[in-house]
Every structure is written in C-alpha cells, then in structure tokens.
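Written out below as structure tokens is the structure these notes cover.
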Amino acid sequence: MSRIKEYLRPANLEEALAMLARGAGRTAILAGGTSLALQIPASVDTLLDIADAGLDYITEKDGLVHIGAGVRVASLVRSDVCRKLYGGALAEAAANIGSTPLRNLITVGGASFQVMPWSDLPGVLLAMDAAFLVKSTSGAERMVPAQTLFARQPRTVLSPSELLVEVQIPIPELAHLGAYQKVAKTRVDYAALTVTVTLLMRQDLVVDARVVVGAAKALPTRLQQAEQVLVNQAPNRQLFVKAASIAAGALEPVRDIRYSALYKKHLTKIWVRRCLERALKLNQGGTYAD
Ligand SMILES: Cc1cc2nc3c(=O)[nH]c(=O)nc-3n(C[C@H](O)[C@H](O)[C@H](O)COP(=O)(O)OP(=O)(O)OC[C@H]3O[C@@H](n4cnc5c(N)ncnc54)[C@H](O)[C@@H]3O)c2cc1C
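For the record, in the sequence shown the residue sitting at position 101 is 101 according to my numbering, with numbers rising by one throughout.
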C-alpha cells in the first residue's frame, strides 16, 4: 500500500474514464477491494475508486436486465429482478459468495473481472447468455459476451484502458427455469464444484438448455453434449440422469489442492441431476430449502 500515491473517487462514469486515461498503466480500478487489496500490481501508484461513479443499479429495459458493475453482490441476493430470472439462479449464486461482510463489498464488476476457479458468478452469467458493456478511455464502447469474457482470464480480454460498465442479461420471452448449486465443505468455503442449469420451455418441451460447471477448471465450462440431450424433450428424472451422466463423461476436470479430478467428475454426475430437478421444483413453487 505504501507505494500508492493517489486515491481518486470520480463522481460519474465520464470522470472515471478521464481519470483512467490520465493515469494509463499506473491506475488500478478499485471496486470492492477484496482482491485488489491483497495484490496491487507493482506498476500501480493510483487507485480509482468507482463507488460513486453511478454504476450501482439493477434495471429492466428493452428486454434486458442491466446490472451496473458497481452493484454489490449482496444487492443481487435481495433483488426481485434477479430472484425471478431463471429460478433466481443469480441471486442464489450471489448468496453463496463468502461471508456477509464480503458480500457487502464484492461488486459484480470485480467478481466478473477477477475470476478464480471457484468464483460463483461467472458460470451463472455464462448460462444466462449475459454480455458486458465495456467502455474505453478513447470513448469507444463494445459489448463482450460472457462466453468471450470467460473464455480466457478477463484481464487478457480487456485492455488497461477499458472499464466494465454493466452486465446485460436477456429476459427470455419463453418460460425460463434454472438453478444454481455450490458444492463446498461449508457455506463459506471455496467451491469444490458449482453447477448452473438454465432451461427455456415451450409448453412441456425444453427448447434450449445450458449446463455450466465451475471450479472444475480455471474457468467455467459449458457442457454442450449434456445440453443437447435435454433439448426437444419433456423434463423427467430419467432424462436428467442421462444428461448428468453425459455431463460428467464430457468434463475433464483439473485437480486442485483439495479435490481430485475423479471426485469432481463424481460430483458433476450427482449435482447436475440434482440441479435439473431443483430447477423443476423451483418452477413449481419450491425453494432452495426444500
Ligand atoms: C476471503 C475471501 C473469500 C471469498 N470467497 C468467494 C467465494 O466464495 N465466491 C466468489 O465468487 N468470490 C469470493 N471472493 C471474492 C473474489 O475472490 C474477489 O475478491 C472478488 O470477486 C473481487 O471483487 P471486488 O469487487 O472486491 O473487486 P476488487 O478487488 O476491487 O478488484 C478486483 C480486480 O478487478 C478489477 N476491476 C474491478 N471492477 C472493475 C471494473 N468495473 N472494470 C474493470 N476492472 C475492474 C480491479 O482493478 C482488480 O484488478 C472471496 C474473497 C475473499 C477475500
């Protein structure tokens, strides 16, 4: 911390981008600070705190849910908008992040930029076909789909002159089901595995499906073979068992400090099925406590 010479707190996004432009290369964007405080890059001497930059909003507009990068993950847990989208999978993932004090600090932008294998949000955002609005100090802006942002470490996708502004999630016109599960030793522990499933339904048939696991590798993994098995089918237990088995067969997990690759495969087979079952139950009025 001693090499930090300047702390900046812009009052809006334009000011934030102007300040980032002036300090290119030596300015770090400070959001919740839960990662940055642990590892400030050696080149950084200025912190740009975006807490007042107007990025703290959750709105529905033009068929999209817009979530500002500055939204604390605790707000996702409380958000009615997030609770009704795909069975509340995003709210549930947010509720599983760390402890209450951490959830009051960690932002959607920080959690999407600083991706660890066990991160809770990226897999859900991938399953919901989210896209990120990114603005640059040059004035340019672009949309980065979650599948692009999370295909590599986000710091290698964004340039130092770019800022994550918001994440946009399409609101499906069809009936949408979903569920999220974090498998961990305790509620506040890092995940051994995370699973997100989302289903789009026309009458009783699945017309689109996403099955995404996290903590199996460095980045979240979509299991498309399992998704394909679900499409054009009416949901039932046998189908879910088959999809989960294919998901586990297709996944090539990497062992980590606590869990072997084989154990992660085993967890995938169990929890993809349970997550699919839970998506159905949630749609019938059940809760995560059931
Ligand atoms: C003890 C502990 C336990 C945790 N447990 C979990 C857990 O169970 N699940 C989980 O998912 N996470 C967990 N986390 C959080 C995770 O590891 C990161 O610390 C967190 O997601 C970072 O978010 P932040 O808002 O604090 O970002 P910061 O620490 O402020 O920033 C992180 C990085 O993102 C960049 N950044 C931030 N916002 C933007 C933006 N808008 N545009 C561009 N770049 C940006 C920063 O410059 C920095 O490089 C835990 C953290 C701690 C400390």
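C-beta: ideal position from N, C-alpha, C; glycine also.
Residue i, DSSP secondary structure in three states
i: residue 20; result: helix
i: residue 168; result: strand
i: residue 77; result: helix
i: residue 274; result: helix
i: residue 212; result: strand
i: residue 263; result: helix
i: residue 124; result: helix
i: residue 5; result: coil
i: residue 245; result: helix
i: residue 183; result: strand
i: residue 239; result: helix
i: residue 135; result: strand
i: residue 258; result: coil
i: residue 157; result: helix
i: residue 92; result: helix
i: residue 280; result: helix
i: residue 287; result: coil
i: residue 202; result: strand
i: residue 108; result: helix
i: residue 163; result: strand
i: residue 142; result: strand
i: residue 177; result: strand
i: residue 219; result: coil
i: residue 231; result: coil
i: residue 193; result: strand
Heavy atom of ligand 1 within 7 Å of residue i beta-carbon
i: residue 7; result: no
i: residue 34; result: yes
i: residue 13; result: no
i: residue 56; result: no
i: residue 126; result: no
i: residue 158; result: yes
i: residue 153; result: no
i: residue 354; result: Beyond the ends of the chain as shown, which are 1 and 290, falls residue 354; an answer cannot be given.
i: residue 132; result: no
i: residue 98; result: yes
i: residue 292; result: Residue numbering for the chain in the displayed model covers 1 to 290; residue 292 lies beyond these limits and cannot be assessed.
i: residue 120; result: yes
i: residue 18; result: no
i: residue 323; result: Lying outside 1 to 290, the shown extent of the chain, residue 323 is not represented and no answer is given.
i: residue 143; result: no
i: residue 259; result: no
i: residue 205; result: no
i: residue 164; result: yes
i: residue 74; result: no
i: residue 190; result: yes
heavy atom of ligand 2 below 7 Å from residue i C-beta
i: residue 113; result: Among the ligands in the structure shown, ligand 2 does not appear; only ligand 1 can be found there.
Original post:
So, do the region 193 to 207 and the region 225 to 237 have three or more beta carbon pairs nearer to each other than 8 Å?
Top reply: Contact annotation: the region 193 to 207 touches the region 225 to 237, with at least three C-beta pairs closer than 8 Å.
Original post:
Does the region 65 to 74 come close enough to the region 137 to 149 to have 3 or more Cβ pairs within less than 8 Å?
Top reply: Taking a cut-off of 8 Å for Cβ pairs, the region 65 to 74 and the region 137 to 149 do not touch, as fewer than three such pairs fall below it.
Original post:
Unbroken alpha helix (DSSP H) runs of length 4 or more, entirely within the region 26 to 90: which are they?
Top reply: Whole alpha helix (DSSP H) segments, 4+ residues: 73 to 78, 80 to 84.
Original post:
When the Cβ atoms of the region 105 to 123 are set against those of the region 141 to 161, are three or more pairs found closer than 8 Å?
Top reply: Taking one beta carbon from each stretch, the region 105 to 123 and the region 141 to 161 have 3 or more pairs nearer than 8 Å; the two touch.
Original post:
Three or more C-beta pairs closer than 8 Å, one from the region 84 to 102 and one from the region 185 to 205: is that the case here?
Top reply: Proximity of the region 84 to 102 to the region 185 to 205 meets the contact definition, three or more beta-carbon pairs being nearer than 8 Å.
Original post:
Is there contact here, the region 29 to 37 with the region 105 to 112, by at least three beta-carbon pairs under 8 Å?
Top reply: With the rule of 3 Cβ pairs closer than 8 Å, the region 29 to 37 counts as touching the region 105 to 112.
Subject >> the region 98 to 105 contacting the region 161 to 168, beta-carbon criterion three pairs below 8 Å >> reply: The way I'd put it, the region 98 to 105 doesn't touch the region 161 to 168; fewer than three beta-carbon pairs between them come closer than 8 Å.
**OP:** Inspect the CB distances between the region 12 to 23 and the region 50 to 63 and report whether three or more fall short of 8 Å.
**Re:** Touching, per the Cβ criterion.
Original post:
Does the region 266 to 278 come close enough to the region 235 to 255 that 3 or more CB-CB pairs lie under 8 Å?
Top reply: In short, these stretches touch, since the Cβ pair count reaches three.
Original post:
Looking at C-beta atoms only, is the number of pairs between the region 170 to 181 and the region 249 to 263 that lie closer than 8 Å three or more?
Top reply: Three or more Cβ pairs closer than 8 Å define a contact, and the region 170 to 181 falls short of that threshold against the region 249 to 263.
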